[in-house]
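The structure under discussion appears below in the form of structure tokens.
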Amino acid sequence: MTHSPAQSPPHPSPHSSPTANQPQGADAVMFITPRPNLTMVRGQGSWLWDDQGKRYLDFVQGWAVNSLGHSPKVLRQALARQAGVLVNASPAFYNNAMLDFAGWLTRQSGLDRVFFANSGAEANEGAVKLARKWGKVHRHGAFEVITTHNSFHGRTLAMMSASGKPGWDKLFEPKVPGFPKVPFNDLDAMAHAITPKTAAILVEPVQGEGGVIVPSPHYLTGLRKLCDEKGVLLMLDEIQTGMGRTGTLFAFQRHGILPDVMTLGKGLGGGFPVAAVLARQPVCLFEAGEQGGTFNGQPLAMAAGLAVAQEIERKRLAERAEKNGRYLQKKLNAMGKTLGLTSVRGQGLLVAVDLPQEKGPQVVAAALQAGLLVNSPRPATLRLMPALTVSRGEIDQMLDMLEQVLKQVL
Ligand SMILES: Cc1ncc(COP(=O)(O)O)c(C=O)c1O
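Right under this line is the structure:
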């Protein structure tokens, strides 16, 4: 069936009509999610300001992205410095920031080489391409990548197929094939799912969007052993857990293992878009023309990432995240007793708590009113992912505000 271009869609979008008080210009922005009628204009550290001058204590930080908080000096300076000398050459050439950043990442991770991308989903696509190439070269054409239920790997078509997010199995059909799924934190299920068609497994060390699900301490070491026994690749999606967020620079370092492939994004650029695929040398099998992108290794992104990484190292922010994460969990547990909160969990400064009722969205909305930003990845779960630089005072202030909001909503 063909539609003439002028033909209007069969059903008008429920979101196409303007709502009262929406900011001027909002009509021109494509609807993807309901947004509050707010325009954010300024950020500093743990604080954001809207155009009315109201300030918000930010415990979302762009979904675990602004690792150093809003507009940190080192990031501003690195961007200004780089912009002054070279904004863009071309991914066909090396640039100084790219070389320095790749060196830093390989030294810190123990992996051998880096491909730079622009988003987490793009990095994961690169990892899956590496796995398929590796399967072709070393495993008789194996191409499947086993992932887990409830996982989140991004929003490209292949990554929506790889993700185990409930409801996504029915979206944008047909799916990209080659992503069998097993329950998370279940080594037996993973062992049974590996077949001659399997090239790799791809898991998050802690499921972030799935509600901060921390697996048993032996899960990652068990996966490493399993992959070695069966001859398949272990690929870790550290897009949310990496760069100090979970209390070590990379979450796998807690377990004394090395993955074959790791992807990074989110906190990697401290708010500037940059992502990466890191791999052991034997997996680096791309030939000319098989992988690339207009903006990969873009000098501004490289300078931003390097500045953020060096600051995380210099200020020992992973250790700080570990200590402050414990403090936050202890306080949440204490507060939870009176308010009926359960299952305080997390690693470092990736923390979640379950509510006694499915009122996550109401809590988020009431918190926003009160000047606090928190996130609800599931209806009965709140997730907190402040800047790695957050102070104890700000954590205490957040807890006071959250307690008032919870008393009001629950
Ligand atoms: C674990 C994980 N992988 C991949 C992604 C996708 O990253 P991006 O939104 O930058 O494509 C996310 C984003 O939330 C994530 O948490």
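Start counting at 1 in the sequence shown, then tack on 54, and there's your number in our numbering. In this text, a Cβ means the ideal position worked out from N, Cα and C, and glycines have one as well.
| query | result |
| --- | --- |
| Quick check: the segment 424-437 against the segment 283-295, are there 3 or more CB pairs under 8 Å? | no |
| By Cβ distance, which residues of its chain are closer than 6 Å to V423, with the 5 residues on each side in sequence left out? | Per the sequence shown, residue 423 should be read as Gln rather than Val. The answer is none, since no qualifying residue turns up. |
| In this structure, does DSSP put G204 in helix, strand or coil? | Here residue 204 is Asn; the residue named in the question, Gly, does not match the sequence. N204: coil per DSSP, three-state reduction. |
| Closest to C99 by C-alpha separation, out of V83, A74, L129, would be which residue? | According to the sequence provided, residue 99 is Gly. The question's Cys does not apply to it. Out of V83, A74, L129, L129 has the C-alpha closest to the C-alpha of G99. |
| Under a Cβ-count criterion, where at least 16 other Cβ atoms within 10 Å of its own Cβ denotes burial, should K187 be classed as buried or exposed? | buried |
| Please report the straight-line C-alpha distance between L404 and V398, rounded to a whole angstrom. | 11 Å |
| For ligand 1, is there any heavy atom lying closer than 8 Å to the beta carbon of A421? | no |
| What are the boundary residues of the beta strand (DSSP E) that S467 is part of? | The structure shown does not extend to residue 467, since the chain is modelled only from 55 through 464, so no value can be given for it. |
| Only counting the same chain, and skipping five residues up and downstream in sequence, which positions put a Cβ closer than 8 Å to that of Q61? | For Q61, the predicted model reports a pLDDT of 41, less than 50, meaning its position is unreliable and no value from the coordinates is stated. |
| Compute the beta-carbon to beta-carbon distance between D314 and R299, rounded to the nearest angstrom, for a pair I have assumed lies under 8 Å. | Not a contact, Cβ separation roughly 22 Å. |
| In this structure, how does DSSP classify F306 when only helix, strand and coil are distinguished? | helix |
| Are the CB atoms of G347 and A330 nearer to each other than 9 Å? | no |
| Determine the closest residue to R89 out of A419, L460, E448, with distance taken between C-alpha atoms. | A419 |
| Assign M452 to one of two classes, buried (16 or more other C-beta atoms within 10 Å of its C-beta) or exposed (fewer than that). | buried |
| Using 8 Å as the Cβ pair cut-off and three pairs as the minimum, do the segment 256-264 and the segment 142-152 touch? | no |
| Quick one: any contact between the segment 346-362 and the segment 186-203, if contact means 3 or more CB pairs under 8 Å? | no |
| How is V444 classed by DSSP in three states: helix, strand or coil? | coil |
| Return helix, strand or coil for A254, following the three-state DSSP convention. | strand |
| Between the Cα of F340 and the Cα atoms of A372, L133, K183, F349, which residue gives the shortest distance? | K183 |
| What is the residue span of the beta strand (DSSP E) that L274 lies within? | Taken as a continuous stretch (DSSP letters only), L274 belongs to no beta strand (DSSP E), being part of the alpha helix (DSSP H) at 273-284. |
| Is the segment 433-445 close to the segment 105-125, with three or more CB pairs under 8 Å? | yes |
| Less than 8 Å between the CB of R209 and some heavy atom of ligand 2, yes or no? | Because ligand 2 does not appear in the structure shown, any question about it cannot be addressed here, the ligands present being ligand 1. |
| Give the DSSP bridge partners of H124, in chain order. | G99 |
| Who are G138's beta bridge partners in DSSP? | Note: G138 sits in no beta bridge, so no partner. |
| Tell whether a beta-carbon distance below 9 Å holds between A388 and L438. | no |
| Can you tell me the Cα-Cα spacing of Q364 and M214, whole angstroms? | 33 Å |
| Classify R374 as buried or exposed, calling it buried when 16 or more other Cβ atoms lie within 10 Å of its own Cβ. | buried |
| Taking just the CA atoms, how far does Q416 sit from M94? | 21 Å |
| Between the alpha carbons of D282 and G174, how many angstroms are there, rounded? | 26 Å |
| What's the gap between the Cα of P66 and the Cα of K384? | With a pLDDT of only 40 at P66, under 50, the local geometry of the prediction cannot be trusted, and the value read off the model is given with reservation. Distance between the alpha carbons of P66 and K384: 49 Å. |
| Assuming contact is defined by CB atoms lying nearer than 9 Å, are L92 and D81 in contact in what I supplied? | no |
| Is I255 near ligand 1, judged by its Cβ being under 8 Å from some heavy atom? | no |
| Just checking my contact of G301 with E367 at CB under 8 Å: how many whole Å lie between their CB atoms? | Between E367 and G301 the Cβ distance is about 15 Å, and since that is not below 8 Å, they are no contact. |
| Taking 8 Å as the line, does the beta carbon of Q352 fall inside it for any heavy atom of ligand 1? | no |
| Quick one: grab the DSSP three-state call for F155. | helix |
| Candidates G208, N150, R380: which alpha carbon is nearest I449's? | R380 |
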